[in-house]
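Reading through the structure tokens given below for one structure.
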């Protein structure tokens, strides 16, 4: 029985995207589930063990809705190209290396360890086309205590010979085998991952759709990121009115198939309406959309329409796994969008990006991303004492500073569905433990 | 006699803004001045002590051309406003506190320590209107080993009562007293700092101009940052054709008076031509211009025109002292400017922002910012081993990654004009030493 109390400055978003703060309050975990937040600890919980983080910040873990694990090796490199050239020049070349399990082992060790050190508790992760490497990635993320989804990537056309599935049949066969082998993982689940329409033949999409129904799987892909990409999809799928329809015609665009579409920078009105109707999740990836000169998604519009939306780091078009950085850049990009292009949509605010990184993205994983009764207990403890200041600061101000200034040093403890990690005394390594000691 | 050799992967910009890399080469310092870079160490230097940083990156120190020391206390806070509201709501309130020397002591200790930990070796710093606090700031930066300029701020109109010089006469008298008292510092020199035209009366500008001539001082201020500000200046100075003229008519706009103008986001053609003619330095502050929704300066245009230009962190409209972040954001903002507003100006490249942060800004301080014969010896040693990767990376790639991913942990040694700091074994504190042991 994982049952414990945490004490500290508890910060989370309510469903209206407002910030809720309980200063030096209590939150309680029972069986991995949050019981609630309390200003005074109710008597019935006073016998539970208490992690006392008085004066520290306690926030829900972040959800990273879009990240490419094999690309972590070249984070911060080669970003002077737009999407399609970037894929051919840097990305496909690197992803091909994961055919070699020894290489994958080395690379995914680094990725999983850095994910563990981060403030992210949930993630939707792209692997490569390789079954073995993708299973290895799932294992490492499971061992790192992360919960979420990992996808073996599908691509069978318009891809270099060295990174292309040989036929739709073989692709579907490999994918089904991978799905079955992935059943052994408890916290990391498979997600169908057609790379994007340009690299997936009609036949492949049909077969993935069949697998989706057979195994009741979620799916993730890319949508309306870049003008060149959008035009290419239009040429490849002349029978569709907009990009999203090329997924929808295979039943892989929400509407019962839990779906994440990364980017949606240049979605048309029709596409937006279909996403809304089908409850497609949008992974907003501001750093990636900046680094590849794609543009800035109209996030305020998506929020106003009540669409499902969270944030993605999109490593390695994004340079960092940090969701703090994703939040800061979501604000910053929305300001430049407002200033340079469209004064109809006001810039995003701190409360809104915090909502996106926690509750907004968390919803893809169920009741995740808030300290409310019935939510899975994901928590991150932040120690901001290294960011010194001469004046008094309130809890809200300290949280706001974290968005711009925090890095992995500030993360001193992390709980995922009630299981915890604590920073060791040396400040670097972590120990994993169940929440019941 | 400070004479020593450094060995490592030496990276710097030449005058054509190209990256020069000598892998595991040598650079030599004599009396604080660089003798050159060598693939093999010439015999005449083989008796010099050698700092062996084999396999580490050695770069010139960064020049931060624009930073407000008193605002460091609220870095990362309160950035949901545009410039003029931000000044009134957050900035002036905080700066007024520096009347209290005990507060200034606490705040400037933090600022100077963090500057010391950073990769910045040269800076042009705004203080507040207060003489004593500004002298304290100069002392702390001098003790931190930084070289550069600090300005007591002048503002005598359109400012709140609690942060306003009482008359042009008193302002000039205080400023002259401060200039004289500041003579005692060796490495931190005074710079005239009229805040910006809206807060400086004609009489004050006249008096500052007289002081500029009497003491032969450089000057720093703000220019064409925000539309509201520009319009206000036009209203205040109806006799000027453009903002810069309001400085120029007092002889305080380059042309013999070494001048830094921060921002220049919305400079007109006439203003640009006058800056070019007068060799005014532009401090490009991409994060600040983003956070306050000001816009993005046309940096490529300034580079193509051969103008003087470097980077500024502009804390606290910028959230961080990190010039790595300033470089990354200079690239990123130039991409969004290209995508959203103006495809005439191509995005900035890694080589170009590295030039801006080192040699471009360094030029304001003399022969600073490169490992060339006769340049002052400013060097920063970067250990990037915490950013693990499974593949081989070349030195240029490692430098590129640093721009996106480095923080103060990666800075393991720093030399300013030949004087050095080394990271202690505990990885945090530093020791200061002359270069001659």
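Chains as they are written, first to last, in full-length UniProt numbering: chain Y, 1 to 437; chain C, 1 to 437. A virtual CB, placed ideally from N, CA and C, is assigned to each residue, including glycine. Small disclaimer: the values here were computed from a predicted structure and weren't measured.
- Query: With distances taken from CA atoms, which of C:151, C:79, C:74, C:63 is nearest residue 116 (chain C)?
  - Reply: C:63
- Query: Should residue 185 (chain C) and residue 138 (chain C) be called a contact, given that it needs their Cβ atoms to be closer than 8 Å?
  - Reply: yes
- Do you know offhand how far residue 188 (chain C)'s Cα is from residue 146 (chain C)'s? 7 Å
- Task: Out of Y:94, Y:229, Y:103, Y:136, state which residue places its alpha-carbon closest to the alpha-carbon of residue 163 (chain Y).
- Result: Y:94
- Task: Figure out for me which residue from C:285, C:130, C:287 has the closest Cα to the Cα of residue 96 (chain C).
- Result: C:130
- Query: Is residue 13 (chain C) helix, strand or coil when you go by DSSP?
  - Reply: strand
- Message: Between the alpha carbons of residue 394 (chain C) and residue 30 (chain Y), how many angstroms are there, rounded?
- Response: About 50 Å.
- Since residue 120 (chain C) meets chain Y, which of its residues come closer than 7 Å, beta carbon to beta carbon? Ordered by position in chain Y, no residue passes the 7 Å Cβ test against residue 120 (chain C), which lies about 17 Å from the chain.
- Query: For residue 434 (chain Y), does the three-state DSSP call read helix, strand or coil?
  - Reply: Low confidence applies to residue 434 (chain Y): its pLDDT is 49, below 50, so where it sits in the model is not reliable, and the reading given next is rough at best. It is coil, neither helix nor strand.
- Beta-carbon separation of residue 21 (chain Y) and residue 414 (chain Y) under 8 Å? No, the pair does not count as a contact, with Cβ atoms beyond the cut-off.
- How should residue 47 (chain C) be labelled, buried or exposed, when 16 other C-beta atoms within 10 angstroms of its C-beta is the threshold for buried? exposed
- Determine which residues share a DSSP beta bridge with residue 220 (chain C) and list them. C:260
- State yes or no: is the beta carbon of residue 222 (chain Y) nearer than 8 Å to at least one beta carbon in chain C? no
- Let me know if residue 347 (chain Y) comes out buried or exposed under the rule of 16 or more other beta-carbons within 10 Å of its beta-carbon. buried
- Query: Apart from the five residues on each side of it in sequence, which residues of its chain come closer than 7 Å, Cβ to Cβ, to residue 241 (chain Y)?
  - Reply: 270
- Query: Is the Cβ of residue 12 (chain C) closer than 8 Å to any Cβ of chain Y?
  - Reply: Nearest CB-CB separation between residue 12 (chain C) and chain Y: not below the 8 Å threshold.
- For residue 333 (chain C) and chain Y, any beta-carbon pair shorter than 8 Å? yes
- Residue of Y:125, Y:55, Y:345, Y:416 minimising C-alpha distance to residue 8 (chain Y): Nearest neighbour of residue 8 (chain Y) by Cα position, chosen from Y:125, Y:55, Y:345, Y:416, turns out to be Y:55.
- Using beta-carbon positions only, say whether residue 401 (chain Y) and residue 321 (chain C) come within less than 8 Å of one another. no
- Query: Skipping 5 residues on each side, what residues in its chain have a beta carbon closer than 6 Å to that of residue 331 (chain C)?
  - Reply: 348, 353
- Task: Report the option in C:15, C:33, C:5, C:17 whose CA atom is closest to the CA atom of residue 375 (chain C).
- Result: C:33
- Task: Starting from the C-beta of residue 302 (chain Y), find all residues in its chain whose C-beta is less than 7 Å away, skip the five residues before and the five after it, and write them out in chain order.
- Result: 282, 309
- Message: With a threshold of 8 Å between beta carbons, is residue 298 (chain Y) in contact with chain C?
- Response: For residue 298 (chain Y), not one C-beta of chain C is nearer than 8 Å to its own C-beta.
- Range of the contiguous alpha helix (DSSP H) that encloses residue 50 (chain C): Unbroken run through residue 50 (chain C) is the beta strand (DSSP E), 50-59; no alpha helix (DSSP H).
- Item | Integer-rounded CB distance, given that residue 246 (chain Y) should sit under 8 Å from residue 12 (chain Y) | Between residue 246 (chain Y) and residue 12 (chain Y) the Cβ distance is about 37 Å, and since that is not below 8 Å, they are no contact.
- Item | DSSP beta-bridge partners of residue 194 (chain Y) | Paired residues: Y:154.
- Message: Just to confirm the assignment: which complete beta strand (DSSP E) runs, minimum length 3, are found wholly within the stretch 268-345 of chain Y?
- Response: Counting whole runs of 3 or more residues, the stretch 268-345 of chain Y contains the beta strand (DSSP E) stretches 281-284, 308-311.
- Task: For residue 45 (chain C), count neighbouring C-beta atoms within 10 Å of its own C-beta (all shown protein chains included) and say buried if the count is 16 or more, exposed if not.
- Result: Buried is the call here.
- Message: I need the DSSP call for residue 398 (chain C), collapsed to helix, strand or coil.
- Response: helix
- Leaving out the 5 sequence neighbours to the left and right, which residues in its chain are closer than 6 Å to residue 104 (chain Y) when beta-carbon positions are compared? 98, 133, 136
- Query: Shortest alpha-carbon distance to residue 316 (chain Y) belongs to which of Y:81, Y:208, Y:239, Y:417?
  - Reply: Y:81
- Task: Please check if any C-beta of chain Y sits within less than 8 Å of the C-beta of residue 337 (chain C).
- Result: yes
- Report whether the distance from the Cβ of residue 89 (chain Y) to the nearest heavy atom of the ligand ADP is below 7 Å. Ligands are entirely absent from the displayed structure, and the ligand ADP is therefore not among its contents.
- Query: Mapping DSSP to helix, strand and coil, what is residue 406 (chain C)?
  - Reply: coil
- Query: Looking at the structure shown, is residue 387 (chain C) part of a helix, part of a strand, or coil, going by DSSP?
  - Reply: coil
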